[in-house]
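Undergrad: Residue numbers (our numbering), protein chains in the order written: chain P, 1 to 215; chain R, 216 to 225. For every residue, glycine included, the Cβ atom is placed at its ideal position computed from N, Cα and C. All values derive from a computational prediction rather than experimental measurement. Before we start, here is the structure in question, set down as structure tokens.
Structural data, given as structure tokens:
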């Protein structure tokens, strides 16, 4: 474990806590894409299939459980919580994410560490995570004004993978024969997809104005 | 063991 990876995991955890806070405090999920939350639930379930078979550390197992449980809890809230579900932007959150799931799985069948069920699903989860934010970014563009907690959620969600890239560089430089081509390539694509969001987030922070993404 | 080596990250 190095400081970049720890910062990445803590940033990722923070983003999830911010989203839970937003939904709990405002009893609303306006501005949040349920499709992105469902994609993230799929990402965590298929990435952590080894949750019960491979024990790496208490930290690793604990975080995996937190990620799976929180993503499922958020999807449950947005679908079934009597108050929260009413504020879901159903008519704006229309990204047809079936193609993202299909393309990620197709790519995983071609490019994986090993051709086994667990490894193909692991690669699938890596590719899917790279594009999982797209429905959320589209929703932000369509919904105009973005509330602070939702903006912070997306910001830290994008930042965590940037820390992971620093972690991969650090490990590549310090550990012999360390390579993470699948996660690394996908992580760069994932972080790049946030580029314009980061730009408008920085502008809103500098001008102390409301975050606004151009339609 | 090598599987644990390259899936040690979240």
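Check residue 220 (chain P) in the structure and name its three-state DSSP category.
TA: Residue 220 (chain P) is absent from the structure shown; chain P starts at 1 and stops at 215.
Undergrad: What residues in its chain sit with their C-beta under 6 Å from that of residue 33 (chain P), if we drop five residues either side in the sequence?
TA: Position 33 of the first chain holds residue 33 (chain P). If we look at residue 33 (chain P) and ignore the five residues flanking it on each side, its Cβ neighbours are 93, 135, 136, 139.
Undergrad: Could you give the C-beta distance for residue 190 (chain P) and residue 129 (chain P), rounded to a whole number, given that I count them as a contact under 8 Å?
TA: Mapped onto the first chain, residue 190 (chain P) falls at position 190. Mapped onto the first chain, residue 129 (chain P) falls at position 129. 6 Å between Cβ atoms; contact.
Undergrad: Any C-beta of chain R sitting closer than 9 Å to the C-beta of residue 76 (chain P)?
TA: Here residue 76 (chain P) refers to the residue found at position 76 when the first chain is read from its first residue. So, not an interface residue.
Undergrad: Along chain R, in chain order, which residues have C-beta atoms closer than 9 Å to that of residue 165 (chain P)?
TA: To locate residue 165 (chain P), count along the first chain from 1; it is residue 165. Residues of chain R passing the Cβ test: none, with the nearest at roughly 12 Å.
Undergrad: Taking the Cβ atom as the reference point for each residue, do residue 30 (chain P) and residue 125 (chain P) lie within a distance shorter than 9 Å?
TA: Taking the first chain and counting its residues from 1, one reaches residue 30 (chain P) at position 30. Taking the first chain and counting its residues from 1, one reaches residue 125 (chain P) at position 125. Taking the C-beta atoms as reference points, residue 125 (chain P) is found no nearer than 9 Å to residue 30 (chain P).
Undergrad: Going by C-alpha distance, which of P:204, P:187, P:58, P:5 is nearest residue 123 (chain P)?
TA: In the first chain, counting from the first residue as 1, residue 123 (chain P) sits at position 123. Among P:204, P:187, P:58, P:5, the Cα nearest to that of residue 123 (chain P) is on P:187.
Undergrad: At the level of alpha carbons, what is the spacing between residue 111 (chain P) and residue 180 (chain P)?
TA: Here residue 111 (chain P) refers to the residue found at position 111 when the first chain is read from its first residue. Here residue 180 (chain P) refers to the residue found at position 180 when the first chain is read from its first residue. Roughly 13 Å separates the two Cα atoms.
Undergrad: Return the Cβ separation of residue 153 (chain P) and residue 39 (chain P) in integer angstroms, given the expectation that the two are a contact with Cβ distance under 8 Å.
TA: Residue mapping note: residue 153 (chain P) aligns to position 153 of the first chain, counting from 1. Residue mapping note: residue 39 (chain P) aligns to position 39 of the first chain, counting from 1. Their Cβ separation, rounded to whole angstroms, is 15 Å, which puts residue 153 (chain P) and residue 39 (chain P) out of contact at 8 Å.
Undergrad: Thinking C-alpha only, which one of P:166, P:145, P:185 is nearest residue 217 (chain P)?
TA: Summary: the structure shown does not reach residue 217 (chain P), with chain P confined to residues 1 through 215, and so no result is reported for it.
Undergrad: With a threshold of 9 Å between beta carbons, is residue 52 (chain P) in contact with chain R?
TA: Locating residue 52 (chain P) in the first chain gives position 52, counting from the first residue. Chain R, which has no Cβ nearer than 9 Å to the Cβ of residue 52 (chain P), makes this no.
Undergrad: Hey, residue 22 (chain P) and residue 149 (chain P) are a contact pair by Cβ (cut 8 Å); roughly how many whole angstroms apart?
TA: Start at 1 with the first residue of the first chain, and residue 22 (chain P) comes out as number 22. Start at 1 with the first residue of the first chain, and residue 149 (chain P) comes out as number 149. About 4 Å; that satisfies the 8 Å criterion.
Undergrad: What are the residues of the segment 116-145 of chain P that lie near chain R, defined by any Cβ-Cβ distance shorter than 9 Å?
TA: 118, 119, 122
Undergrad: Measure the beta-carbon distance from residue 15 (chain P) to residue 157 (chain P) and round it to whole angstroms, keeping in mind my assumption that it falls under 8 Å.
TA: By 1-based counting over the first chain, the position of residue 15 (chain P) is 15. By 1-based counting over the first chain, the position of residue 157 (chain P) is 157. Contact holds; Cβ gap of about 4 Å.
Undergrad: Quick check on residue 8 (chain P): buried or exposed, where buried means 16 or more other Cβ atoms within 10 Å of its Cβ?
TA: On the first chain, position 8 is the one that residue 8 (chain P) refers to. Buried.
Undergrad: Closest by CA to residue 127 (chain P), which one among P:88, P:50, P:185?
TA: Sequence index remark: in the first chain, residue 127 (chain P) carries index 127 (1-based). The shortest Cα separation from residue 127 (chain P) among P:88, P:50, P:185 belongs to P:185.
Undergrad: Does residue 68 (chain P) come within less than 9 Å of chain R when only Cβ atoms are used?
TA: Translated into the one-based positions of the first chain, residue 68 (chain P) becomes position 68. No, residue 68 (chain P) does not count as interfacial toward chain R.
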